[in-house]
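Written out below as structure tokens is the structure these notes cover.
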Amino acid sequence: MENCLFCKIAGGKEDSDTVYKDENVVAIRDINPQAPIHFLIIPRKHIPTLMDIEGRDKELMGSVFTVAKKLAEENDLEMSGFRVVVNCGSGAGQSVFHIHFHMLGGRPMKWPPG
């Protein structure tokens, strides 16, 4: 999408603090971190919300969680724990309508999160 911030980041047309990239996924540091470790894992394919995922996106969504595992290992989060969150819609706090997954770690997480 032409005006989508995350499409621009995924395409290398917008600056970001990239921590991982491959042909399917880009991960960046969040510019407003809510934990000592706060990455955004962004599929390169433009999918507006969780509700827009289709059956053909199964492998792509699996890639997101494979990247989360890799980032957890690289940041020593396996033992202390981490959280992966996706907001769906403005009522849930989604402000960029390109699906992305928040990976948070480096501090204790509370429940309920909202």
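Here our numbering is used: the first residue of the sequence shown is 865, the next is one more, and so on.
Every residue gets a Cβ at the ideal spot worked out from N, C-alpha and C, and that includes glycine.
None of these values were measured; they are calculated from a predicted model.
Proximal residues to residue i (C-beta, below 6 Å), its chain only, five neighbours per side dropped
i, result
"Val948", "Ala932, Phe965, Met967"
"Met865", "Cys871, His910"
"Gly970", "Ala899, Pro900, Ile901"
"Phe961", "Pro912"
Residues near residue i by beta carbon distance below 8 Å, same chain, minus five either side
i, result
"Cys952", "Thr913, Leu914, Met915, Gln958"
"Ser944", "Gly969, Gly970"
"Phe929", "Val948"
"Ile917", "Ile911, Met925, Ile963"
Those residues which DSSP pairs with residue i across a bridge
i, result
"His902", "Leu968"
"Lys877", "Paired residues: none, contrary to the question."
Residue i versus residue j - alpha carbon distance
i, j, result
"Leu869", "Lys877", "9 Å"
"Asp886", "Ser927", "10 Å"
"Arg920", "Met973", "33 Å"
"Ala956", "Pro976", "14 Å"
Beta-carbon contacts of residue i that lie in its chain and below 7 Å, excluding the five residues immediately before and after
i, result
"Arg908", "Ala874, Asn888, Val889, Val890"
"Asn939", "Ile901, Gly969"
**Prompt:** Enumerated in chain order, which unbroken segments of the alpha helix (DSSP H) with a length of 4 residues or greater are wholly contained in the region 954-978?
**Reply:** Secondary structure within the region 954-978: not one fully enclosed alpha helix (DSSP H) run of 4 or more consecutive residues is present.
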